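Visitor: Chains V and A, in that order, are what the protein sequence lines are. The first sequence begins at 1 in our numbering and counts up one residue at a time. The second sequence begins at 442 in our numbering and counts up one residue at a time.
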Amino acid sequence: SIPIVHELYGEVTSPMYPKPYPNNYDDTREIVVPKGYSVKLIFWQFDLEPSEGCFYDYVKVSADKKDLGRFCGQLESKRGNPPVQKEFVSQGNQMWLTFHTDFSNEENGTTIFYKGFLAYYQAVDMDECSAQDSAIEENSGLRCEHLCHNTLGSYFCSCRPGYELQDDEHSCRAECSSELFTEASGYISSLEYPKAYPSDMRCNYSIRVDRGLTINLEFLEPFEIDDHQQVHCPYDQLQVYTNGKPVGEYCGTRSPGIINTSSNAVDVLFFTDESGDSRGWKIHYTTEVMKCLQPKSLDEFTIINNLQQQYQFRDYLIVSCKTGYELTEGNQKLKSFTSVCQDDGTWHRPMPYCKIVNCGAPQRLPNGNFEYLTKEGKNTYQAEILYTCQEPFYQMANKEKNETYTCSAQGTWKDKHGNKKIPHCLPVCGKPLNPVVENQR
Amino acid sequence: IIAGKNARLGNFPWQAFTNIYGRGGGALLGDRWILTAAHTIYPKDTPSVQNTSIDVFLGHTNLEEIMKMGVLPIRSVFVHPDYDPNDLNNFDNDIALLELENSVPLGLNLLPICLPDSETFYEKGLMGYVSGFGTEDQIIHDDLKFVSLPMVARENCRRWLSEKKSEQVFSDNMFCAGDKTTKKDACQGDSGGVFAVKDETGNRWVAAGIVSWGIGCGKGYGFYTKVLKYTDWIKGIIEKES
Chain V
1 SIPIVHELYG EVTSPMYPKP YPNNYDDTRE IVVPKGYSVK LIFWQFDLEP
51 SEGCFYDYVK VSADKKDLGR FCGQLESKRG NPPVQKEFVS QGNQMWLTFH
101 TDFSNEENGT TIFYKGFLAY YQAVDMDECS AQDSAIEENS GLRCEHLCHN
151 TLGSYFCSCR PGYELQDDEH SCRAECSSEL FTEASGYISS LEYPKAYPSD
201 MRCNYSIRVD RGLTINLEFL EPFEIDDHQQ VHCPYDQLQV YTNGKPVGEY
251 CGTRSPGIIN TSSNAVDVLF FTDESGDSRG WKIHYTTEVM KCLQPKSLDE
301 FTIINNLQQQ YQFRDYLIVS CKTGYELTEG NQKLKSFTSV CQDDGTWHRP
351 MPYCKIVNCG APQRLPNGNF EYLTKEGKNT YQAEILYTCQ EPFYQMANKE
401 KNETYTCSAQ GTWKDKHGNK KIPHCLPVCG KPLNPVVENQ R
Chain A
442 IIAGKNARLG NFPWQAFTNI YGRGGGALLG DRWILTAAHT IYPKDTPSVQ
492 NTSIDVFLGH TNLEEIMKMG VLPIRSVFVH PDYDPNDLNN FDNDIALLEL
542 ENSVPLGLNL LPICLPDSET FYEKGLMGYV SGFGTEDQII HDDLKFVSLP
592 MVARENCRRW LSEKKSEQVF SDNMFCAGDK TTKKDACQGD SGGVFAVKDE
642 TGNRWVAAGI VSWGIGCGKG YGFYTKVLKY TDWIKGIIEK ES
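See the structure below:
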């Protein structure tokens, strides 16, 4: 035979076509197209000596170790066995075309000339995936275990989530040791859920969402993990961790229900032993923005500006004090206070408290004194003192007898005009208490 | 003080005792200033000695007691710029201010005197009081004495000096006080003390003059620096330094 190798298309004719083919001819053409393709053959012209059973002249088409037909006669005639269907498709990438002629082409003593045949062939992509049930694939053992994807001239296999394609590129093995979920919500389940999960698994499903989001886990029904009546989860275990800290270890048929993790990083670990046929588990995880605890005033003088019903990540609150009180954090006075709700649901600084303003001890008045009008020694907001000069030797510069000062909200003693400067006691001149008096006249 | 009387505590609470080139007087202004005569600091007849100590005492009528109360440190000295210590016959501008280092606590025996603000304190015949620790008939006393003297008309002062054939200058910045018929007068050691006049309307005592000079003691009139002429100078310094 004369092979025609690896052409994607071509023409096959009888010898000397379109002139009459020779007698006593016998050859086989092997049509080979690249692997992954089938051979499609179409007869455009067919004019061979007709005979019963195509005993004299014939064209035989073979593929896939099978004869697809033995043909003779003319396409438009019912004599012989013309290839009426016209198209022949192989399953493999090879097709054979055998052309046989006998010693003559005579009818009633008259030589008749037949033109032979003209056929075109072309490579047609083979759908290996649909053909996987075929004997060829079965025999070769190359069958996609999970999913098959046909491509032009080839195919490839893949595995369902949780499985990994093996080196043979056809078989799949459970692989769930580092599954990562970053969407804001989604589903996670044991392999094959709700069918029995595979054995000998070490699965780690990590959920990582943006800072400031908290993950909620909702276990769906059915929930079924191998358990033991006396020992806690001896066979298979489902463990939940948040930020590396264990939340719980679960098995049996009682679902954990809903777990609010208050974390943006959750790891679900699932270990199975070599046996079991429980149906597994499925989690619907959702996220919500992290919320902070509702701020509470530490005292009645604290004002939380524009108090919200709820504070969530990146919200902030501003705290001030009632007049006469000052923001205090520890022992430190603050000019202002802002706290931000953090991604872990805590406030970035604790609530301050409002301490009553203390003006400190009143400034000593040179050549004068002060006395408390309110409680003795009280130097806090709204306390009042009275400054007086040491009369009659000194008097106030403004001639007043005395001046009342009040501890202001600003933490300073101020007079009724809002002045911080304390009075000034000026010496009284020319007024001796014991002036010279001459009585003798 | 000639022909005076002993002062009682509190009679002249502004009275200062100074010891510079000798005994002198002064008067407390406010609670940090001493008004005195320039010639107690730069005497006319004594070559000035640099860094002469200026000791000032306040608060009593007895020298021993007043000194027990402690000397008052001086921060600065302001002598009138027009005072000429070299002109023996001219006591014009005989006025000075001493600034105390610290304010003094006013009390019964320590009170300032007021400055004059009117010519009415210089009317002839107006009685004033002069006090001091100066000599009396060549006897020096340890107790503060005072004498009351009338203000004399300027013409009479001038005529008296003429009669005495005195070459001393009697400027507009001076006045004279005394009574030719009595010996009452100030004397050496009273310089710098003030001629105090009672302001009856204001019920206060005013430093109308500063004991400055005289021709002998107790023999006519005494001459005083007219403080009214210097109130701007005084206030200017005090305000600037406060």
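For glycine and all other residues, C-beta sits at the position ideal for the given N, C-alpha and C. As the structure is a prediction and not an experimental result, all values here were calculated from the model.
Can you list, in chain order, the residues of its chain whose CB lies under 6 angstroms from that of A:P691, leaving out five sequence neighbours each side?
Guide: What the structure shows of chain A is the stretch from 442 to 683, and residue 691 of chain A is not part of that stretch, so it cannot be assessed.
Visitor: Pull the bridge partners of V:N100 from the DSSP assignment, please.
Guide: The identity of residue 100 of chain V in the sequence shown is His, whereas the question assumes Asn. V:D26, V:Y58, per the DSSP bridge assignment.
Visitor: Would you tell me roughly how many angstroms separate the C-alpha atoms of V:S90 and V:C176, rounded to the nearest one?
Guide: V:S90 and V:C176: Cα-Cα distance of roughly 41 angstroms.
Visitor: Please classify A:I678: does DSSP put it in a helix, a strand, or coil?
Guide: A:I678 falls in the helix class under three-state DSSP.
Visitor: Would V:W44 pass as a contact of V:A123 if the rule is Cβ separation under 8 angstroms?
Guide: Not in contact: V:W44 and V:A123 (Cβ atoms no closer than 8 angstroms).
Visitor: Pairs of beta-carbons, one from the segment 509–521 of chain A and one from the segment 650–662 of chain A, closer than 8 angstroms: are there three or more?
Guide: Verdict: no, contact absent.
Visitor: In terms of residues, what are the limits of the alpha helix (DSSP H) holding A:I656?
Guide: Counting along the chain, A:I656 falls outside any alpha helix (DSSP H), and DSSP gives it neither H nor E.
Visitor: Grab me the residues of V:T13's own chain with a C-beta within less than 8 angstroms of its C-beta, minus the 5 sequence neighbours each way, in chain order.
Guide: Cβ neighbours of V:T13 beyond the five flanking positions: G116, F117, L118, A119.
Visitor: Quick one: what does DSSP say A:V588 is sitting in, helix, strand or coil?
Guide: Residue state, collapsed to three classes: strand.
Visitor: Quick check for students: name the residue ranges of the beta strand (DSSP E) that lie wholly in the segment 457–516 of chain A, counting only runs of 3 or more.
Guide: For the segment 457–516 of chain A, whole beta strand (DSSP E) runs of length 3 or above, ordered along the chain, are 464–470, 474–477, 496–499.
Visitor: Alpha carbon to alpha carbon, what distance is there between V:C341 and V:E192?
Guide: Their Cα atoms are separated by approximately 41 angstroms.
Visitor: Note the first and the last residue of the continuous beta strand (DSSP E) segment covering A:N597.
Guide: Element bounds for A:N597: not the beta strand (DSSP E) but the alpha helix (DSSP H), 595–604.
Visitor: Note down, in chain order, each residue of its chain lying with its Cβ closer than 6 angstroms to the Cβ of V:N139, except the 5 sequence neighbours on either side.
Guide: A caution first: V:N139 carries a pLDDT of 49, below 50, which makes its placement in the model too unreliable to give a value.
Visitor: Taking the straight line between their C-alpha atoms, what separation do you get for A:C617 and A:Y662?
Guide: Between A:C617 and A:Y662, the C-alpha separation is close to 6 angstroms.
Visitor: With 16 as the cutoff for other CB atoms within 10 Å, does V:A135 come out buried or exposed?
Guide: Low per-residue confidence applies at V:A135: pLDDT is 42, beneath 50, and the placement is therefore not dependable enough to give any value.
Visitor: Is the CB-CB distance between V:D125 and V:A196 below 8 angstroms?
Guide: Not in contact: V:D125 and V:A196 (Cβ atoms no closer than 8 angstroms).
Visitor: Just checking, does the segment 219–226 of chain V make contact with the segment 302–310 of chain V on the three C-beta pairs under 8 angstroms criterion?
Guide: No, the segment 219–226 of chain V is not in contact with the segment 302–310 of chain V.
Visitor: Along the beta strand (DSSP E) that carries V:A383, what are the first and last residues, could you check?
Guide: No beta strand (DSSP E) contains V:A383, which DSSP labels as neither H nor E.
Visitor: In whole angstroms, what is the alpha-carbon distance linking V:W413 and A:V512?
Guide: When rounded, the distance between both Cα atoms is 38 angstroms.
Visitor: For A:T672, is the classification buried or exposed, using 16 other Cβ atoms within 10 angstroms of its Cβ as the cut-off for buried?
Guide: Flag for A:T672 reads exposed.
Visitor: Within the 8 angstroms Cβ cut-off, does V:G430 reach chain A?
Guide: Yes, V:G430 counts as interfacial toward chain A.
Visitor: Find the residues of chain V that neighbour A:D472, judging by a C-beta separation of less than 7 angstroms, and give them in chain order.
Guide: Ordered by position in chain V, the residues that pass the 7 angstroms Cβ test against A:D472 are P427.
Visitor: Give me the residue from V:N204, V:V437, V:P432, V:Q440 with the minimum Cα distance to A:W646.
Guide: It is V:P432 whose Cα lies nearest to the Cα of A:W646.
Visitor: Run down chain A in chain order and give the residues with a C-beta less than 7 angstroms from the C-beta of V:F393.
Guide: Going along chain A in sequence order, the residues near V:F393 (Cβ under 7 angstroms) are L547, G548, L552.
Visitor: For a contact defined as C-beta to C-beta under 7 angstroms, what are the partners of V:L433 on chain A?
Guide: G451, L549, listed in chain order.
Visitor: Entirely within the segment 256–308 of chain V and at least 3 residues each: give me those beta strand (DSSP E) ranges in chain order.
Guide: The qualifying runs are 258–260, 265–271, 280–289, 302–305.
Visitor: Does any C-beta atom of chain V lie closer than 8 angstroms to the C-beta of A:E540?
Guide: Answer no: the Cβ-Cβ gap between A:E540 and chain V never drops below 8 angstroms.
Visitor: Kindly indicate the opening and closing residues of the beta strand (DSSP E) around V:W44.
Guide: V:W44 -> beta strand (DSSP E) spans 37–47.
Visitor: Check V:L365 in the structure and name its three-state DSSP category.
Guide: Residue state, collapsed to three classes: coil.
Visitor: Could you give the first and the last residue of the continuous beta strand (DSSP E) run that contains V:K378?
Guide: First-last for V:K378: undefined, no H or E at that position.
Visitor: Taking buried to mean at least 16 other C-beta atoms within 10 Å of its own C-beta, is V:K245 buried or exposed?
Guide: Under this definition V:K245 is an exposed residue.
Visitor: Using a Cβ-Cβ cut-off of 8 angstroms, state whether A:F587 counts as contacting chain V.
Guide: With 8 angstroms as the cut-off, A:F587 counts as an interface residue toward chain V.
Visitor: Pick helix, strand or coil for V:F181, following the three-state DSSP scheme.
Guide: In this structure, V:F181 counts as strand in the three-state DSSP scheme.
Visitor: Inspect the CB distances between the segment 72–82 of chain V and the segment 47–57 of chain V and report whether three or more fall short of 8 angstroms.
Guide: Enough Cβ pairs lie closer than 8 angstroms, so yes.
Visitor: Quick check on the burial criterion: 16 or more other C-beta atoms within 10 angstroms. Buried or exposed for A:F396?
Guide: Since the first and last residues shown for chain A are 442 and 683, residue 396 of chain A lies out of range.
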